[in-house]
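Colleague: One structure, pasted below without further comment.
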Amino acid sequence: MREVVTIQVGGFANFVGSHFWNFQDELLGLAGDLESDPTFKNHGLNMDVLYRCGETHEVEGGRGRLMPTDSFAHGRRLLILVSPCLQGVLTCTPRLVSVNYQGSLGSMSSSGTLYNQPPDVPPPVTTWKGALSTQRSQRRKRNLFLQSLYEDEQRQSTGVDNGHADAQDEIRDKDIVECLENEVQCWTDFSKVHYHPQSLYELSGLWMDAQEFNNYGSGKDVFSEGIRGEEMNDRIRFFVEECDHIQGIQVLVDDSGGFSSVAADLLQSIADDYANTPVLLYSVRDPGSYMRYKGRKMNISRDLHDAVSFARLSSFCKLIVPVGLPFLSGGKASTYLHVNDEKPYHCSAVYAAALHSLSLPFRMDLLGPTAISNRISGALDVNGIVQILPGPRQNMVAIVDSTMPAHSLTGNPAEQPLLSKLQSLTPEISEDAQDLQSVETLVVQGALASGEQRASVSEVQQAISAAYGEAMTRPRFCHLSVSTCPLPIPLPFPAIFSDAVGQRGEILGNPNPDAAPKTSLDVHSIPVAARLRSSSAILPFLSNRLENLRKFGIRRGALGGELLKTWGFGKEELEDMGETLSGMVRTLDPISDEDSDSD
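Laid out in C-alpha cells, this is it:
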C-alpha cells in the first residue's frame, strides 16, 4: 500500500476539498453499481490510497448500514459495508485532516456522522464560584440536499422504501440542484462524504471574523496558542501512523489570509516529524481574495502578505503549486462552462476537477499489467512528481493547467485541441513564455476518440506524442499518465456546463451564450486533461512577490516595516525570505539582476 494523507487548511481549501472528495465518493459508489458504465466498475485505481477502513463500536439498531452496491443512485452518498461481526460496522472514510474556523461546519458535527460520539461539552470552570450562563447558537438545519442524504440512509438502513418512485426522486433532484445553486454557504452544504471523527478540526477561541483574519499576522499565534498545535499534530499522526507505507502528504491551503500562517506552522511541524515524507502543496485562492482596497496601507498589507505567505509556505514542501485566478469566466477554461466568479461553490469545482486528475497517477493499480494497461498508464507516486517537476534547474514551483471538458482526439496533431485548450489555473504567469527547459507531467482521463466513443490508452498516447512532435516548441521532458475513466459528475456539482456539453462530456457544437447552464442531471461524466509544469512562465509571479517584499519590507524606510514587526518578523528573517525568493528567480533566469537591488 502507498497511502496519501490529505490536509485542508482554510475556507476555500475546504470548498475545493469538498468537491474533490465528492468525486472520490462518486467513483466508489459507481464501482459497486451493477448498472453503471463498465469504465467506472473497472477503473484500475486503488481507492485505498486516499481512503481508510475502520469500524464503529457497535451495530446501529442491531442491523448495520448498507452500501447500495446494486442500486447506487446518481449523486448519492457512498454508505458503508455491512459487517458480519457483532462489534460494529465497517466504515470507509477519507484519510483527511480538515482545519477551519469554529462554526464553519454548518449542520455537520465535528465528530462526523458515523461514530455517534457525544457532542463536545466545554470543560467546567473551576476557578469561578458565581452563577454561570451559557449562550449557545442553534445548529444550522440541513438543506434539502443533506436532508435527502439522511432520508436515503434511513431508508436503506431500515429496509423501508416509503414508496419513493423514480419520478419522485427525479423531481426532488431538480429541487436539490436549484437549492445548492442558491443556498450554499459553507463547504459542508454540498458534501456527500462520511468523515472520520479525527478529520474535522475547528479552531476554537478565535475572536475575529473572516474580514479580520485576512493577513499573515492575524494567524501567527493560532497554532502555538494553547493546545491547538498539539491537537492538529495528533490528528495528522493518527492517519500517518496507521499507514503501511505512506507515499506523501497532499496539502491544500487557502493562503489568502491568516490560515496561511496556521498552515506554515503546521507544515513546519510536519517537516520536523516526517522529514522523509514528501509534501505536495496546493496554495488555493478564490476570486474574491484578489480584491484591491481603496486605502494604500491595506494594499501594501496585501502585497506583503502575498510575499511572506509564499516564501514561508514554500520553505516546508517539496513542490508548491499556486492555484486560483482573479476570475475564471471569460478565459479558455470557461469556453464550455458558465462559472459565476462570485460563488466559491462554482470556482472550487473547477479547481477540484484539476486536482482530482492530477492525483490519479498516485493510485493507479500496478497489479495485472495486461488487463490494467488497457485502462491506465503512467503510474507515478508523490515522490516521483516532486523529483520530476523541479527539472534540471531545481525549480520547486509548478504551474497547473487544465481543460474541462477536454476535446476529443480528432483533428490535426499540430492543432491537437486537447492540448491547445489547456488554460493555466495559476495566476500572474507569462502566457507567451517559450521555455526549452520546461518539464511537464500531463494527465488525461476519459478522453473521447470521437463523439461518445472512449479513446483507448494507446490512442491517447499516440495523439499526445504526435501533437508534441508537430509542436513548434515542446518541453524538455513530459511524463504522460492516462486513465480511460472519466470524471464522474456527482449530484451536488454546480450547474456550470454550457448547452454544448453532452451527457458524457462530448462537445455537441458551439455553445449558445443565452442557453441555461446544464446541471449534473444533464451531464454525468466528462473527460479532463490537467498538467503540472515547471517553466519560466512563473517568473512574473515570483518577481512580483520579491519586488514587493523588498520595496515595502526590506529597504531602508520601507512603508511596511512596522507592520511586519507586528507580524513577528525581524530584519534577518525578512532578508532570508528575500534571498529565498531571489534564489527562485535566479533558478529560472540566471542572468536576472533582481538581487542587485537588495540594499
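Numbering follows full-length UniProt numbering, with no gaps: position 31 of the sequence shown is 31. The C-beta atom is built at its ideal place from N, Cα and C for all residues, glycine as well.
Check the DSSP bridge columns for residue 93 and list the partner residues they point to.
Modeller: Working through the sequence shown from its first residue, we reach residue 93 at position 93. Residue 93 is bridged to 52.
Colleague: Count the other C-beta atoms from every protein chain shown that fall within 10 angstroms of the C-beta of residue 265, then say buried if there are 16 or more, exposed otherwise.
Modeller: Here residue 265 is taken as the residue at index 265 of the sequence shown, counted from 1. Flag for residue 265 reads buried.
Colleague: Rounded to the nearest angstrom, how far is the Cβ of residue 365 from that of residue 45, given a contact under 8 Å?
Modeller: Your numbering for residue 365 matches position 365 in the sequence shown. Your numbering for residue 45 matches position 45 in the sequence shown. With 8 Å as the limit, residue 365 and residue 45 qualify as a contact, their Cβ atoms being about 6 Å apart.
Colleague: Answer yes if the segment 315-322 comes into contact with the segment 277-296, meaning at least three C-beta pairs across the two stretches below 8 Å, and no otherwise.
Modeller: Result yes; three or more Cβ-Cβ pairs closer than 8 Å.
Colleague: At 3 residues or longer, and completely inside the segment 349-403: list those beta strand (DSSP E) runs for me, N to C.
Modeller: Fully enclosed beta strand (DSSP E) runs of 3 or longer: 399-403.
Colleague: For residue 536 and residue 431, I'd like the C-alpha separation in whole angstroms.
Modeller: Taking the first residue of the sequence shown as position 1, residue 536 is located at position 536. Taking the first residue of the sequence shown as position 1, residue 431 is located at position 431. Each residue's alpha carbon lies about 10 Å from the other.
Colleague: Under three-state DSSP, which class holds residue 206?
Modeller: Here the question's residue 206 lines up with position 206 in the sequence shown. If DSSP states are grouped into helix, strand and coil, residue 206 belongs with coil.
Colleague: Closest to residue 245 by CA distance: which of 540, 533, 5 and 588 is it?
Modeller: By one-based count along the sequence shown, residue 245 stands at place 245. Minimum Cα distance to residue 245 is reached at 5.
Colleague: Are residue 418 and residue 447 touching if we call contact CB-CB under 8 Å?
Modeller: Sequence index remark: in the sequence shown, residue 418 carries index 418 (1-based). Sequence index remark: in the sequence shown, residue 447 carries index 447 (1-based). For residue 418 and residue 447, yes; Cβs fall inside 8 Å.
Colleague: Quick check on DSSP: helix, strand or coil for residue 347?
Modeller: Here residue 347 corresponds to residue number 347 of the sequence shown, with the count starting at 1. Correct three-state label for residue 347: helix.
Colleague: Look up residue 186 in the DSSP assignment and say whether it is helix, strand or coil.
Modeller: Counting from one through the sequence shown, the residue named residue 186 turns up at place 186. Three-state result, residue 186: coil.
Colleague: For residue 474, which residues of its own chain have a beta-carbon under 6 Å away from its beta-carbon, when the five flanking residues on both sides are left out?
Modeller: Along the sequence shown, one-based indexing puts residue 474 at 474. Cβ within range, chain order: 468.
Colleague: If you reduce the DSSP assignment to three classes, tell me which class residue 440 lands in.
Modeller: Within the sequence shown, the letter at position 440 stands for residue 440. It is a strand residue.
Colleague: Can you tell me whether residue 53 is buried or exposed, with buried defined as 16 or more other CB within 10 angstroms of its CB?
Modeller: Position 53 of the sequence shown, counting from 1, holds the residue named residue 53. Its Cβ having fewer than 16 others within 10 Å, residue 53 is exposed.
Colleague: I need the boundaries of the alpha helix (DSSP H) containing residue 467, first residue and last residue.
Modeller: Within the sequence shown, numbered from 1, the residue matching residue 467 stands at position 467. Element bounds for residue 467: 457-470.
Colleague: Quick check: the segment 179-192 against the segment 219-229, are at least 3 beta-carbon pairs closer than 8 Å?
Modeller: Taking 8 Å as the limit for Cβ pairs, the verdict is that the segment 179-192 does not touch the segment 219-229.
Colleague: Hey, residue 38 and residue 112 are a contact pair by Cβ (cut 8 Å); roughly how many whole angstroms apart?
Modeller: Position 38 of the sequence shown holds residue 38. Position 112 of the sequence shown holds residue 112. Wrong, their Cβ atoms sit about 33 Å apart, outside the cutoff.
Colleague: Are residue 422 and residue 403 closer than 8 Å when you measure CB to CB?
Modeller: By 1-based counting over the sequence shown, the position of residue 422 is 422. By 1-based counting over the sequence shown, the position of residue 403 is 403. Yes, the Cβ-Cβ distance between residue 422 and residue 403 is below 8 Å.
Colleague: DSSP state of residue 86, grouped into three classes?
Modeller: Start at 1 with the first residue of the sequence shown, and residue 86 comes out as number 86. Any reading at residue 86 needs caution, since the residue's pLDDT is 41, under 50, leaving its predicted position unreliable; the model's value is listed next. Note: residue 86 maps to coil in three-state DSSP.
Colleague: For residue 286 versus residue 477, is the C-beta spacing smaller than 8 Å?
Modeller: The residue you call residue 286 lines up with position 286 of the sequence shown. The residue you call residue 477 lines up with position 477 of the sequence shown. Going by C-beta atoms, residue 286 is not nearer than 8 Å to residue 477.
Colleague: Which one of 397, 458, 309 and 381 has the shortest CA to CA distance from residue 2?
Modeller: Residue mapping note: residue 2 aligns to position 2 of the sequence shown, counting from 1. If we check each option's Cα against that of residue 2, 381 comes out closest.
Colleague: Exposed or buried, which one is residue 100 when buried takes at least 16 other CB atoms within 10 Å?
Modeller: Stepping through the sequence shown from its first residue, residue 100 is reached at position 100. Classification for residue 100: buried.
Colleague: If we count the other Cβ atoms within 10 Å of its Cβ and call it buried at 16 or more, is residue 453 buried or exposed?
Modeller: What you label residue 453 is simply residue 453 of the sequence shown in a count that begins at 1. Residue 453 comes out exposed.
Colleague: Do residue 40 and residue 488 have their beta-carbon atoms positioned less than 8 Å apart in this structure?
Modeller: Position 488 of the sequence shown holds residue 488. Position 40 of the sequence shown holds residue 40. Closer than 8 Å, so yes.
Colleague: Grouping DSSP H, G and I as helix and E and B as strand, with all else coil, what is residue 500?
Modeller: Counting from 1 along the sequence shown, the entry for residue 500 is found at position 500. Residue state, collapsed to three classes: coil.
Colleague: Could you check which residue in 94, 485, 150 and 30 has the C-alpha nearest to that of residue 647?
Modeller: Since the first residue of the chain shown is 1 and the last is 599, residue 647 is not available in this structure.
Colleague: Count the other CB atoms, across all protein chains shown, that sit within 10 Å of the CB of residue 379; report buried if there are 16 or more and exposed otherwise.
Modeller: Taking the first residue of the sequence shown as 1, we reach residue 379 at position 379. Burial call: buried.
Colleague: Please determine, among 458, 338 and 333, the residue with the shortest C-alpha to C-alpha distance to residue 374.
Modeller: If you number the sequence shown from 1, residue 374 lands on position 374. Answer by Cα proximity: 458.
Colleague: What do you get for residue 17, buried or exposed, if any count of 16 or more other CB atoms within 10 angstroms of its CB means buried?
Modeller: In the sequence shown, the residue the question calls residue 17 occupies position 17. So residue 17 ends up on the buried side.
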